[in-house]
Structures are given as C-alpha cells and as structure tokens.
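Residue numbers (the working numbering), protein chains in the order written: chain G, 935 to 1279; chain P, 935 to 1279.
Number of protein chains: 2
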Amino acid sequence: MATLADVARHAGVAASTVSYVLSGKRSVSEQTRERVHRAIEILNYHPHAGARALASSRSNVLALIVPLRSDMYVPVMMEIAIGVVTKARGYGYDVLLLTNDEGAEGIKRVASSARADAVILTDVGLEDDRIATILQIGVDAALIGVPADPVGLDCVDLDFEAAGRLCVDHLAQLGHRTVAFIGEADGVYRRHTGFAERTLRGITEGAAVWGVDLVHRPCEGSYEAAAGTLARVLEERPQTTALIVQNEVVIPPLMSLLRTTRRAVPEDVSIVALCPDHIADQTAPRLTSVQIPAAELGTRAVEILMRRMANGGPSEVQLIPPSLTVRGSSAAARTGGGNSRHPAP
Amino acid sequence: MATLADVARHAGVAASTVSYVLSGKRSVSEQTRERVHRAIEILNYHPHAGARALASSRSNVLALIVPLRSDMYVPVMMEIAIGVVTKARGYGYDVLLLTNDEGAEGIKRVASSARADAVILTDVGLEDDRIATILQIGVDAALIGVPADPVGLDCVDLDFEAAGRLCVDHLAQLGHRTVAFIGEADGVYRRHTGFAERTLRGITEGAAVWGVDLVHRPCEGSYEAAAGTLARVLEERPQTTALIVQNEVVIPPLMSLLRTTRRAVPEDVSIVALCPDHIADQTAPRLTSVQIPAAELGTRAVEILMRRMANGGPSEVQLIPPSLTVRGSSAAARTGGGNSRHPAP
DNA sequence: TTGTAAGCGTTATCAG
DNA sequence: CTGATAACGCTTACAA
C-alpha cells in the first residue's frame, strides 16, 4: 500500500502538500495539485483511515444503533438504515452498525474509543436509558424518535400525534362514529415507546373532538392475534364501521379476515393505516394511509449530525408533518344512525 | 480522554506493559496486571481505535455490503445483518454497513483505506462484478450466496437446489401431479441471482424425477401481480393442486385470493413456501415450508472470516442442508386421477 | 504557495 | 517478567 510519503516523493513535493491537496484546507497551485493527483492515481494511493483518525481525532464514522427486537416493523428499520448510509456517504462518512444488545455500553465503547464521531439512535423510548449515557459522555447524537424529555437532544420523528389525529379526522369526516384502533403489540406500549403512545394520544384526542366512539386494541403480529382481536372488536361493537391500523404485519391477516367474514372494504368497514407507502400499495383495495417516511428519518438524522458537528448550536426536535393519502380502503360510513349490517345476535 | 501513557504513568509501569496487559501477548505478573487494571478503571481508559489500527494494521472491523434493491425480501437481509453484528462483536469486531450503490468501489475504498479488515457480500449473483474486485485487491471476503465460479472464494448459503427438490419431494409424496412454482420477481432471474436459479433448478429436476407437471411463474410483490399470476395459473391449468412459493411478499395476497375464490388450503390447494419460519407461522393455516436460516448465514459468514484471518487455508463453499417443516398448508392431493373441483369451462 | 517537524496513541522489537 | 523506543501514516501549526 502506498503511503502519503510515497505520493509526496513521487510528486516531488512535501508530505503536507499532499495532505492539503486532499483536504483542500489551504490553496495549492494548479500545477502541483495536478502532479499530486497524478501520483495518487499512479500509486493507487488510499489514505489510511486509522492514521487519519489518529492525527485528526475524527473518525468520519457514524454509529447507527438498531434494535434487535422483532416486534417492531423491520422494513422500516432497514429503510432508515439505507437512508442513513446513503446520506452519510454523501458527507464522506461511513456507518457502523450496532445492535442494541450491547445497550448503552455499546455507545460508550464506540464513542470513547473514537471509533465513531457521532451516534444515531433508533427505536427511542419515552424513557430511554441510553440517553443518560449520551448526555454523560457528551457524544454528538441524533435520536430517531422523541423521548419524554428531549431537552438538549437532537431528535427527528414523524409527528405521530398529528398522524393519529389525521386518521380520525379523515374517518370522522366520512361519517364514521364507531372506530377501533388496532395498535402495536402490547409490549410496545409497556415499553412506553414514544411513537406508539403519541399516536394513541392523537387518536384519542381526535375521537374526543369529533365525538367518535373509540376503542384501542394492542395486537401481536400473528394471524391468530389478528383474528382474535378483530373478532372481539366486531363482537363487542358490531356497529364498528372503521379500523385504524398501526401494526403493519397485521394488515394482511386483517384484510383476509374481513374478506372471509364477508365484510367488504370499504363498503362495510373502512381502514386507515399508518404504514410505509409500499405496504399500502400492496393490498387490494389499496390502503388509505398516513405514510411513515422511514428513509427521510434516516437522512434527516444524518443532516442533523452534520450540522451539529459543524456548528454546534442549540438542539432541536424535528417533527415531520404527517400526510394522509386517500386510497381505496376508506369511504363514507354506512348511513342509518350507526346501524350495521352485522348486528349483534 | 485518558491515553495508554496516562495509564502507564498512573500504574508506574511502562507503556508497553499496559499494552501487553491488554493484548495478553506476553505474560505479566499478577501484581502489575492488577495495578494496570486498576489504573484503567480509575482513568476510565479506552484504547483509541485509530491508533490501534495504525500501529497494528488491523482495524477490527468487518464490512457488510447489503443491496438497496427492494425486490428482495428485506427481513431476511435484516436478520443476516443482526446475525453478523452479534457474532462479530463476540470476536471483538465491529461492523461497517455499506450499501451496494457504491458497488465494487465501496469495497475497494474500505479495504484499501484499512477501514475494514474483511468484507461480507450479500445478494451475490451468479456472475458478480464485485468478485473481480475482491480477488484483485485480495481482501478477505465471505460471500453469502454462491457465484457460478466460486473458486478461491469463501461462500455460505442455503442449499437452494436441495431446498427446491425437497419441496417437490414433499408434494409428490402427497400425490400432487400438477404444481405451479410462484417465484421471485422477474428481475431477480434476469440478474441471474444464484439462489433463485438454483431453487428453480432443484424444483425442475425434482419434477422431472417424479413426473410432476410443473410451471414456473415469476411474480412481482404487489397484490395485482399475485392476483394476475394466480388467476393465470388456475385458468391455464385448472388441475393444479399445489403451489410452491418462493416470493415471501406474495404469500399474504396469495392466501387471501385463494380464500376469496373459495379454494381451501390445503384441501383444494396445497402450499409449500421457501421463507423464514416466522413468516410461515403468521398465516392461517401455517405454511409448510423450507426454512431460510438468515441469522445463521450471517454468523457463518463471520466464522468463515475469523478462521480465514487466523489460518489462511483453502477456501470453502458451505451449503446448509435445507429442512422442510410440515405445517398446515400441505395435504394429500385430491384423489381422482388429477381431476379438479374447478374444471376449465 | 510550499516545506519542516511535532505530534496523535498504539504496537512490537530489542534489550535487559 | 519488564522497560525503552522506533515505527505506523497522517494532520497541522509554524516557518519560509
């Protein structure tokens, strides 16, 4: 492997000049720059990342911490990761992938060993123990998700509360008065995951405002869970005309159950989902949904970090405004004073 | 941040001694080792990764290259990544996440800048341009997937050919004689993705051996695609009694379509899937399936690299034998000489 | 516009 | 069993 010194020798310049050509931190005459570049080309020179990190005390690496839990929707995670990596590369950064089983220790490790310059946290809970570590060691960080107390932290997330409200608004405007919210698995709420609780709040408040009669049912990802939850909802509240669904894996079973029990979507039951667009596009009928902008969450997190590492400045919470796309799964509620075609026995 | 020198001073020993305490590369008296460890504790010392990489010319980092294509099943990718990261940590390695949009350049970059010691490739095609790069720069690599010419390469994959044959065996033994294979999206075959072609070959050969009448239908992930594919298959070959499905995302639409058209699974149509277990468990009835051992692929890739970086030795191709789990979606074919309840008009 | 040289924090060789 | 010390390859004042 050629070193900077080799390049300098070959180009007949000082080592520092080569370095400056590469970093652009001081002006270099067109001539010598050319010569240096040629030498780099010829010798196939690649700067040694470790040496660079040592001398500059910057690793040009971002650490991305992902959960290894399986009760979260994986494709969203993956999309975030892709977004992060792609954006980071645009700034000349690489991305280190950490799982959460190292917990806060992992963050401490990569930060204090200077393996990474900054950290991106995903799946942030309302009370998240990793936050204490971040504040304590003072590593630059961006959170995807908003904790209960975001003071001094850079966060980005979909505005889930507004998203929840948006779902209710849409249904209420269509005349729906009895709505069920099929949510994430119970554990997600017990962990006080921010996005889940905020969505619930938005939906609850929206329902109160519109006078919509609402129930919330957490739901695991299996077919049985979906079946049980749906059956219970329809039995207890046969006048239900609309479903809001936040648990993406439960959408396919839900759809086929409705079909099996001969309830047409959207004629008998309207559905509004909170999910990535490509999920909403894969069902028949397509789902009216509030989009989860996963890739954008990733790229924004990177942008936040780049800004922070350059400027400093005050921390901020970025809430991305939700947008609801009307597709085929929602329609005006069956008229007739809340009666249903499927009255209780 | 405390440095090794600080620790040495605090413990009253030479810097080299501290280094040796950490690496264990030469014996140190119980006493001094204690003192050093105490100093490390007190000063909260963490070795500087860059300095280490520079001095030892090993980064202790693995690079994992993932595709950013969306026509591959994402959860499998994620599971592989989790497996890789977890296993790598066990060996003291961190994992750098690269997307394939840098292509072979990305590999070159991290390898020649010594950002990573070795590379793990996923989504390996039969003819993969990244292989040339790997061989050329001589970086240690493990491929998840097997190229057409694996000479000199370390590979690991599910034995997809055997997996395909296994599916046919199972169905044939149940008396099925007309089978459709719903495969990956057309692009996957056009890219000559190894696993897809091998599966097809296994299925084709199995069908030939058993005298099973087989059609292969590539299928995109949308509901419409699934619907179209299924409709066409059933129209053209109404005597079809079994489906082999390799495209995980079309499973939910397929199931609900069968339900809608009043074909019972497994009474009218048997289904065998090639997919991760948790997918097979999420439908009703649960799917008879050949498991895709995603996490194991990841951990094996790491093990291969660790062995290679330690020993050298000849390269190897590890094909994990498939295992078929019988669940509720497959049953004996309807008897009666291949007649169907749904004859052509 | 360019060169010189002092680190950056480890590892590993060579003595003792 | 332990200590000095020369690399490792690059960045960045400080000079010229």
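In this text, a Cβ means the ideal position worked out from N, Cα and C, and glycines have one as well. Remember, it's a predicted structure, so these values are computed and weren't measured experimentally.
Residue i versus residue j: straight-line alpha-carbon distance, rounded
| i | j | result |
| --- | --- | --- |
| A1022 (chain P) | R1242 (chain P) | 14 Å |
| L1108 (chain G) | W1144 (chain G) | 12 Å |
| H971 (chain P) | R1049 (chain G) | 22 Å |
| S1249 (chain G) | D1091 (chain G) | 14 Å |
| I974 (chain P) | V1206 (chain G) | 56 Å |
| R1015 (chain P) | R1151 (chain P) | In the sequence on display, residue 1015 (chain P) carries Ala and not Arg. For A1015 (chain P) and R1151 (chain P), the distance between alpha carbons rounds to 30 Å. |
| A942 (chain P) | V952 (chain G) | 35 Å |
| G1262 (chain G) | L1221 (chain G) | 6 Å |
| V1183 (chain P) | L1030 (chain G) | 29 Å |
| A1141 (chain P) | Q1173 (chain P) | 16 Å |
| E964 (chain G) | Y979 (chain G) | 20 Å |
| G1272 (chain P) | V1167 (chain P) | For G1272 (chain P), the predicted structure reports a pLDDT of 39, less than 50, and the residue's modelled location is therefore unreliable. The matter cannot be settled from this model. |
| L1258 (chain G) | S1223 (chain G) | 6 Å |
| V1179 (chain G) | T1194 (chain P) | 22 Å |
| Q1070 (chain P) | T1133 (chain G) | 52 Å |
| I1137 (chain P) | C1209 (chain P) | 15 Å |
| S1274 (chain P) | L1100 (chain P) | At S1274 (chain P), the pLDDT of 38 sits below 50, so the modelled position is not reliable; the number obtained from the coordinates is stated separately. Rounded to the nearest angstrom, the two C-alpha atoms are 25 Å apart. |
| R1003 (chain G) | H982 (chain P) | 31 Å |
| R1064 (chain P) | H1104 (chain G) | 49 Å |
| S1264 (chain P) | P1200 (chain P) | 5 Å |
| L977 (chain P) | A1045 (chain G) | 16 Å |
| G946 (chain G) | D1051 (chain P) | 32 Å |
| R969 (chain G) | V962 (chain G) | 11 Å |
| H1212 (chain P) | L1192 (chain P) | 21 Å |
| A1266 (chain P) | M1011 (chain P) | 34 Å |
| A1066 (chain G) | L1077 (chain G) | 13 Å |
| E1139 (chain G) | I1254 (chain G) | 19 Å |
| A949 (chain G) | S957 (chain P) | 33 Å |
| A1278 (chain P) | S1190 (chain G) | Residue placement at A1278 (chain P) is poorly supported in this model, since its pLDDT is 34, which falls under 50; the coordinates are not used for a value here. |
| A1214 (chain G) | Y1157 (chain P) | 10 Å |
Nearest-angstrom Cβ-Cβ length linking residue i and residue j, presumed shorter than 8 Å
| i | j | result |
| --- | --- | --- |
| G1155 (chain G) | Q1225 (chain P) | Going by Cβ atoms, the distance from G1155 (chain G) to Q1225 (chain P) rounds to 18 Å, so no, they are not a contact pair. |
| P1187 (chain G) | A1218 (chain G) | That pair is no contact at about 15 Å. |
| Y1027 (chain P) | V995 (chain P) | 6 Å |
| L1060 (chain G) | A1075 (chain G) | Actually they are not in contact, since the Cβ atoms of L1060 (chain G) and A1075 (chain G) sit about 17 Å apart, beyond 8 Å. |
| N1034 (chain P) | P1001 (chain P) | 5 Å |
| I999 (chain P) | T1056 (chain P) | 6 Å |
| E1281 (chain P) | A1228 (chain P) | The structure shown does not extend to residue 1281 (chain P), since chain P is modelled only from 935 to 1279, so the question has no answer here. |
Contact list for residue i against chain G, beta-carbon separation under 9 Å
| i | result |
| --- | --- |
| E1036 (chain P) | R1023 |
| R1196 (chain P) | Here the premise fails: no neighbours, minimum Cβ distance about 10 Å. |
Where residue i meets chain P, residues with beta-carbon distance less than 7 Å
| i | result |
| --- | --- |
| T1259 (chain G) | Within 7 Å Cβ-Cβ: nothing; T1259 (chain G) doesn't reach chain P, min ~16 Å. |
Contact list for residue i against chain G, beta-carbon separation under 7 Å
| i | result |
| --- | --- |
| A1048 (chain P) | H982, A983, G984 |
| V918 (chain P) | Coverage of chain P is limited to positions 935 through 1279, which leaves residue 918 (chain P) absent and any answer about it impossible. |
| A1015 (chain P) | L1031 |
| M935 (chain P) | S1046 |
| D923 (chain P) | Outside the displayed range of chain P (935 to 1279) lies residue 923 (chain P), so it cannot be described from this structure. |
Amino acids of chain P, ordered along the chain, whose beta-carbon sits closer than 9 Å to that of residue i
| i | result |
| --- | --- |
| D1084 (chain G) | The question names Asp, but residue 1084 (chain G) is Pro in the sequence shown. Those within 9 Å of P1084 (chain G) in chain P number zero; the least Cβ separation is about 26 Å. |
| P1186 (chain G) | I1185, P1186, P1187, M1189, S1190, Q1216, T1217 |
| D1211 (chain G) | What D1211 (chain G) touches in chain P: nothing, since even the nearest Cβ is about 12 Å away. |
Under 8 Å by beta carbon: chain P residues contacting residue i
| i | result |
| --- | --- |
| S993 (chain G) | A983, G984 |
| V1203 (chain G) | Under the 8 Å cutoff, chain P gives no residues; its nearest Cβ is about 15 Å from V1203 (chain G). |
| V1019 (chain G) | L1031, L1032, T1033 |
| R1193 (chain G) | S1190, R1193, T1194 |
| D1057 (chain G) | Result: empty, since nearest Cβ-Cβ is about 13 Å, beyond 8 Å. |
Contacts that residue i makes with chain G (C-beta to C-beta distance below 8 Å)
| i | result |
| --- | --- |
| S1207 (chain P) | Going by the sequence as given, residue 1207 (chain P) is Ala instead of Ser. Ordered by position in chain G, no residue passes the 8 Å Cβ test against A1207 (chain P), which lies about 14 Å from the chain. |
| D940 (chain P) | None at all; the shortest Cβ gap to chain G is about 13 Å. |
| D1063 (chain P) | Those within 8 Å of D1063 (chain P) in chain G number zero; the least Cβ separation is about 19 Å. |
| D1051 (chain P) | Near D1051 (chain P) there are no residues of chain G at all, since even the closest Cβ is about 11 Å away, more than 8 Å. |
Any non-hydrogen atom of the ligand ATP closer than 8 Å to residue i Cβ
| i | result |
| --- | --- |
| Q1070 (chain P) | The model depicted lacks the ligand ATP and carries no ligand whatsoever. |
Looking at chain G, which residues of the segment 969-987 of chain P have a Cβ within less than 7 Å of any of its Cβ atoms? Per Cβ criterion, the list reads H980, P981, H982, A983, G984, A985, A987.
Length at least 3, wholly inside the segment 1174-1225 of chain G: the beta strand (DSSP E) runs in chain order: Positions of the beta strand (DSSP E) runs, each at least 3 residues long and wholly inside the segment 1174-1225 of chain G, are given as 1176-1179, 1204-1209, 1222-1225 in order along the chain.
Using Cβ-Cβ distances below 8 Å, what residues of the segment 1144-1166 of chain P are close to chain G? Cβ contacts with chain G come from G1155, S1156, Y1157, E1158, A1161.
Could you tell me which whole beta strand (DSSP E) segments of length 3 or greater appear in the segment 1035-1080 of chain G? Runs of the beta strand (DSSP E) inside the segment 1035-1080 of chain G: 1052-1055, 1074-1078.
Could you tell me which uninterrupted beta strand (DSSP E) segments, each at least 3 residues in length, are contained entirely in the segment 1074-1138 of chain P, listed from first to last along the chain? Listed in chain order, they are 1074-1078, 1088-1092, 1112-1116.
Which full runs of the beta strand (DSSP E) of 3+ residues lie inside the segment 957-1040 of chain P, going along the chain? Those beta strand (DSSP E) runs which fall completely within the segment 957-1040 of chain P and span 3+ residues are 995-1000, 1028-1033.
Closer than 9 Å, Cβ to Cβ, to anything on chain P: give me those residues from the segment 996-1012 of chain G, in chain order. Correct list: A997, L998, V1000, L1002, S1004, V1008, P1009, M1011, M1012.
If you measure beta-carbon to beta-carbon, which residues of the segment 1074-1105 of chain P are closer than 9 Å to chain G? Residues: none.
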